[in-house]
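In what follows, a single structure is set out as structure tokens and then discussed.
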Amino acid sequence: MNKRILLAKRPEGLPTADTWQLDIQPVPSIEEGEILVRNHYVSLDPAMRIWVTNARSYLPPVQLGDVMRAGTVGEVVESRDPRHPVGTFVQTWGGAQQYSALPGKQAYRVDPSLAPLTSFIGGLGMTGMTAYFGILEEGRIQAGETVLVSGGAGAVGSVAGQIAKIKGCRVVGVAGGPEKCRYMKEELGFDGAIDYKSDNLFKAVRRECPEGIDVYFDNVGGDMLDIALANLRMHARVLICGAISQYNEPVTQGPKFYLNLINMRASMKGFLVLDYASRYAEAAKEMAGWMAEGKLRSHEDVYVGIEQFHDTFLRLFSGDKHGKVVLKVLE
């Protein structure tokens with residue numbers, strides 16, 4: 000049987016347990032050109048909060064009664080596509096369920112001998128790709144620049160900050176609590192850390208970035224974005240990756256200090272990793288090399304049981320996690 004998480008209703012504010020429904024159906028059959036994947040791990044991401052609304056977005060909303068959209072990694076257990084023989088492992092958009100039947104062309108082969116399987120939906124998956132192309136292609140970072148990363152202990156921010164360090168930048172991360180600040184400095188190698196739960200954010204940014212910010216990699220939006228805008232250097236780049244502080248708010252808080260973009264001849268741009276799909280293999284190869292050399296760490300917080308989907312999802316917004324949130328659904 001196949002346990003699945005379905006979207007039961009559209010939430011208002013922070014999703015409640017009845018937003019989703021656990022459903023059990025027979026394992027699906029496959030047709031020519033398709034594969035059946037036994038999912039081991041499901042990726043949980045803040046963007047899921049956007050996908051369950053009717054708001055206009057870069058992907059169509061998940062429809063009521065449909066399996067919740069999610070990235071997955073798992074093993075091919077039946078195949079009618081010669082590109083993916085039985086026993087191979089693939090990363091794909093399999094949804095929050097234990098088994099996925101889908102066209103083989105939508106799956107990407109992964110090699111679990113190179114890295115833990117969770118890495119392929121973490122540091123070597125969509126999370127890592129977002130950080131890689133965001134900080135290098137969109138951010139155009141240069142050695143010696145100061146990079147500020149909000150959500151610096153999170154899935155994307157931790158990787159983006161480490162890549163900036165590899166490229167010779169001075170990196171400051173923002174996170175909640177002394178343990179996450181310790182993690183950013185001692186384990187990720189960041190040069191500075193700001194605790195948004197206890198620091199005065201404006202003073203802390205001035206303390207850690209006394210000459211201003213060259214690149215701001217934003218994962219949270221809200222007040223943090225405003226403070227970064229007020230502290231830009233000439234020709235700074237502001238990268239809008241996400242705005243997790245705003246996803247559950249009825250009215251989104253917009254930036255107040257955007258006029259400083261004019262003063263500093265700076266730019267602010269949103270980006271999507273989907274635009275770089277043709278280059279994922281290139282990025283994965285380079286990041287895997289950094290991991291092998293000990294220069295890049297990928298941390299996945301793994302929780303167990305598809306029945307724990309909702310409680311695990313809430314960790315994305317409570318901050319009760321380190322790095323990438325992953326749900327093990329294999330029984």
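All the letters of the sequence shown, read from the start, carry residue numbers 0 to 330 under numbering that gives the first Met the number 0. We put the CB at the ideal spot given by N, CA and C, even for glycine. Bear in mind the structure is a predicted one, so any value in this text is a computation, not a measurement.
Query, Result
"Roughly how many angstroms lie between the CA atoms of F270 and K284, to the nearest whole one?", "22 angstroms"
"Hey, how far is the Cα of F308 from the Cα of I4?", "8 angstroms"
"Quick one: Cα of E11 to Cα of D300, how far?", "27 angstroms"
"Which of the three DSSP states, helix, strand or coil, is assigned to T126?", "helix"
"Can you check DSSP and say which residues form a bridge with N230?", "Answer is none; N230 lacks a bridge partner."
"Alpha carbon to alpha carbon, how far is L200 from I29?", "53 angstroms"
"Which value, in whole angstroms, describes the spacing of the CA atoms of R205 and G211?", "7 angstroms"
"Within the continuous alpha helix (DSSP H) that includes R314, where are the two ends?", "308-317"
"To the nearest angstrom, report how far apart E31 and S99 are at their CA atoms.", "15 angstroms"
"Expressed to the nearest angstrom, what Euclidean distance is found between the alpha-carbon atoms of E186 and S297?", "11 angstroms"
"Smallest Cα separation from C208: which of S56, V146, Y40?", "V146"
"How close, in whole Å, do the beta carbons of R68 and W92 come, if the pair is a contact with beta carbons under 8 angstroms?", "7 angstroms"
"Is it the case that the region 73-80 contacts the region 258-276, given that we only count it when at least three CB pairs across the two stretches are under 8 angstroms?", "no"
"Have a look at V214 and A152 and give me their C-alpha separation to the nearest angstrom.", "17 angstroms"
"Take V61 as the anchor and find which of S266, K8, L231, M0 has the nearest alpha-carbon.", "K8"
"What do you reckon, are the CB atoms on I120 and T71 nearer than 9 angstroms?", "yes"
"Expressed to the nearest angstrom, what Euclidean distance is found between the alpha-carbon atoms of K294 and Y182?", "15 angstroms"
"What did DSSP end up calling Y57 once you bin it into helix, strand or coil?", "coil"
"Sort out for me which residues DSSP pairs L329 with in a bridge.", "None, per the DSSP bridge assignment."
"For G191, collect the residues of the same chain with a Cβ closer than 6 angstroms to its Cβ; drop the 5 residues on either side in sequence, then sort them by chain order.", "V171, E207"
"Could you tell me the alpha carbon to alpha carbon distance between P177 and R264, rounded to whole angstroms?", "35 angstroms"
"So, for P249: in the same chain, excluding its five sequence neighbours on each side, which residues have a beta-carbon less than 8 angstroms away from its beta-carbon?", "E11, G12"
"Quick one: grab the DSSP three-state call for R48.", "helix"
"With a threshold of 7 angstroms on Cβ separation, who are the neighbours of A343 within its own chain once the five nearest residues in sequence on each side are excluded?", "With the chain running from 0 to 330 in the structure shown, residue 343 is simply not present."
"Starting from Y215 and walking both ways along the beta strand (DSSP E), at which residues does that stretch end?", "212-217"
"Since V41 sits in a beta bridge, which residues does DSSP pair it with?", "T71, L326"
"Go through the region 253-309 residue by residue and report every complete run of the beta strand (DSSP E) that reaches 3 residues or more, in order.", "266-269, 299-303"
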